[in-house]
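Working notes for the structure below.
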Amino acid sequence: MTDDVLVVHGGTPLEGRIRVRGAKNLVSKAMVAALLGDSPSRLFDVPKIRDVEVVRGLLGLHGVKVTDGTEDGELVFDPANVESASTDQINVHAGSSRIPILFCGPLLHRLGHAFIPDLGGCHIGPRPIDFHLQALREFGATVEKRPEGLHLSAPNGLHGTKFALPYPSVGATEQVLLTAVMAEGVTELRNAAVEPEIIDLICILQKMGAIIKVHTDRVIEIQGVPKLHGYTHRPIPDRIEAASWAAAALATRGHVEVLGAQQADMMTFLNVFRSVGGEYEVTDARAPKLGDPGQEGGIRFWHPGGELNAVALETDVHPGFMTDWQQPLVVALTQARGLSIVHETVYEQRLGYTEALNSMGANIQVYRDCLGGTPCRFGRRNFKHSAVIAGPSKLHAADLVIPDLRAGFSHLIAALAAEGTSRVYGVDLINRGYEDFEAKLADLGAHAERP
Ligand code: EPZ
487 MTDDVLVVHG
497 GTPLEGRIRV
507 RGAKNLVSKA
517 MVAALLGDSP
527 SRLFDVPKIR
537 DVEVVRGLLG
547 LHGVKVTDGT
557 EDGELVFDPA
567 NVESASTDQI
577 NVHAGSSRIP
587 ILFCGPLLHR
597 LGHAFIPDLG
607 GCHIGPRPID
617 FHLQALREFG
627 ATVEKRPEGL
637 HLSAPNGLHG
647 TKFALPYPSV
657 GATEQVLLTA
667 VMAEGVTELR
677 NAAVEPEIID
687 LICILQKMGA
697 IIKVHTDRVI
707 EIQGVPKLHG
717 YTHRPIPDRI
727 EAASWAAAAL
737 ATRGHVEVLG
747 AQQADMMTFL
757 NVFRSVGGEY
767 EVTDARAPKL
777 GDPGQEGGIR
787 FWHPGGELNA
797 VALETDVHPG
807 FMTDWQQPLV
817 VALTQARGLS
827 IVHETVYEQR
837 LGYTEALNSM
847 GANIQVYRDC
857 LGGTPCRFGR
867 RNFKHSAVIA
877 GPSKLHAADL
887 VIPDLRAGFS
897 HLIAALAAEG
907 TSRVYGVDLI
917 NRGYEDFEAK
927 LADLGAHAER
937 P
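Counted the way the numbering used here counts, the sequence shown spans residues 487 to 937.
In structure tokens:
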């Protein structure tokens with residue numbers, strides 16, 4: 487643990503320009519989709535993050551040859567020799583990511599059986615996989631839970647089905663898509679998640695030869711096809727990372743340009759950012775031509791000076807305010823005058839990190855009640871899932887231990903905003919989702935170093 491610490495000298499506004507690449511929560515799924523093709527796939531703008539390494543390792547174990555392409559961030563997947571891997575080999579990746587659960591459908595199609603290790607990911611609630619398993623059974627898969635992991639088979643093949651999700655889960659929607667595209671017949675998924683990363687996954691599958699209709703009211707219809715080919719794709723940029731740096735700019739009274747950030751995917755965040763009192767400017771991309779070097783698109787975020795405003799917000803599925811935007815923004819809300827309210831409706835235990843902020847001088851109270859109007863599954867179940875943030879608070883340095891990815895980034899922002907020197911332990915966890923974050927911090931003028 488002692489090596490895994492960042493010493494942060496806070497109090498300096500972040501100033502400068504950084505770039506975000508392909509969205510972590512799309513890239514890893516796009517990599518899994520490559521398993522379904524009968525020819526190579528090519529993915530661009532792949533960030534160097536831990537989740538990508540885990541999926542790359544799992545694909546390799548299943549016979550998919552993964553090589554670096556000629557462009558920085560380009561990966562090429564050759565699925566010509568898909569094969570079974572031993573449970574021991576697969577279990578090396580146990581507990582390291584949640585993506586392995588999405589291998590079910592593709593492996594069942596390619597091999598007729600699948601073994602899925604224990605999942606990992608952030609500890610932000612129980613994170614069950616019941617919707618995934620229920621959907622797979624509907625397709626005709628047999629699922630056996632054993633101590634070492636899940637064993638699946640499809641003795642009679644996979645068949646299209648009508649299925650309604652109890653909640654618009656991102657992962658379960660992806661599970662259905664990755665399974666239905668090659669299942670025999672038509673699948674109708676109701677109450678599907680429609681996050682931009684899901685729409686981008688649908689674009690990839692469509693490029694591979696799938697037939698998928700996205701209807702209104704969260705209904706997705708998939709007509710199974712007998713075979714798919716490889717794809718070439720440049721993924722949507724990471725809107726969670728972009729919002730995290732935007733929140734860091736606001737909390738440190740700085741000015742950060744996030745190249746690659748896309749307005750359309752961040753509309754809800756931008757509305758809240760402006761309501762809090764932050765300023766932003768969208769720069770559209772312009773292709774180079776004679777006499778004009780062109781311009782890379784992005785969004786500039788800054789603190790305009792003066793005081794920030796308190797706001798009330800609720801996290802929700804798309805097009806609502808993302809649960810992953812919540813933790814970084816709350817640090818900025820500690821600097822706003824008045825009472826801000828945050829109602830977390832996606833995960834039941836995603837406010838634990840506020841204790842660390844309180845240890846730095848913030849004034850945040852968490853409640854079991856639903857402090858918002860969005861119908862939520864947690865109020866009656868006694869989870870502390872609403873927060874009231876009283877501000878502005880002067881943050882002071884502290885020793886912090888990072889609990890999970892997004893909370894970790896919020897700890898980092900708090901340390902950057904606080905007066906004095908903080909020690910942030912467990913920072914390697916941030917590498918799961920933020921590419922080169924230490925180099926980016928340096929580019930933005932932060933004073934942070936490994937001891
Ligand atoms: C994805 O997780 C993201 N992860 C999460 O990002 C993100 O917070 C989440 O979607 C919501 O946007 C990846 O894409 C790898 P869900 P996922 O299934 O798919 C319940 C990050 O930091 N549920 O939409 O696992 C679940 O418990 C991560 O980048 C069931 O009850 O999220 C939760 O309350 C963290 N049963 C809710 O649904 C199930 O079978 C939403 O989860 C599945 C989910």
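Built from N, CA and C at the ideal position, the CB exists for glycine as well.
Next on the checklist: Using 7 Å as the threshold, is the C-beta distance between Ala509 and Ile722 below it?
Outcome noted: yes
Next on the checklist: ligand 3 and Pro533: does the residue's C-beta get closer than 6 Å to at least one heavy atom of that ligand?
Outcome noted: As presented, the structure is devoid of ligand 3, carrying ligand 1 as its sole ligands.
Next on the checklist: With H, G and I counted as helix, E and B as strand and the rest as coil, what does DSSP make of His897?
Outcome noted: helix
Checklist entry - Taking the alpha-carbon positions, what's the Tyr833 to Asp770 distance? => result 34 Å
Next on the checklist: To the nearest angstrom, how far is the alpha carbon of Gly643 from that of Arg918?
Outcome noted: 35 Å
Next on the checklist: According to DSSP, is Ile888 part of a helix, a strand, or is it coil?
Outcome noted: coil
Checklist entry - Roughly how many angstroms separate the alpha carbons of Lys870 and Thr809, rounded to a whole number? => result 15 Å
Checklist entry - Taking all protein chains shown into account, do 16 or more other C-beta atoms lie within 10 angstroms of the C-beta of Asn757, making it buried, or fewer, making it exposed? => result exposed
Next on the checklist: Going by C-alpha to C-alpha distance, which of Ser872, Ser730, Gly546, Leu588 sits closest to Ala658?
Outcome noted: Leu588
Checklist entry - When the Cα atoms are used, what is the spatial distance from Ala932 to Val742? => result 12 Å
Next on the checklist: Quick check for students: name the residue ranges of the beta strand (DSSP E) that lie wholly in the region 641 to 700, counting only runs of 3 or more.
Outcome noted: 648 to 650, 672 to 676, 697 to 700
Checklist entry - Cα-Cα, which of Val887, Leu561, Leu776, Ala737 is closest to Pro499? => result Ala737
Next on the checklist: Let me check you understand the geometry: is the CB of Thr573 closer than 6 Å to at least one non-hydrogen atom of ligand 1?
Outcome noted: no
Checklist entry - Skipping 5 residues on each side, what residues in its chain have a beta carbon closer than 7 Å to that of Ala516? => result Leu529, Leu687, Ile690, His719, Pro721
Checklist entry - From Gly777 to Val744, what does the alpha carbon distance come to, in whole angstroms? => result 25 Å
Checklist entry - Do you know whose CA, among Glu624, Ala678, Val568, lies nearest Glu670's CA? => result Glu624
Checklist entry - How many angstroms separate the CA atom of Leu594 from the CA atom of Pro641? => result 10 Å
Checklist entry - How would you call Glu935, buried or exposed, if buried means at least 16 neighbouring beta carbons within 10 angstroms? => result exposed
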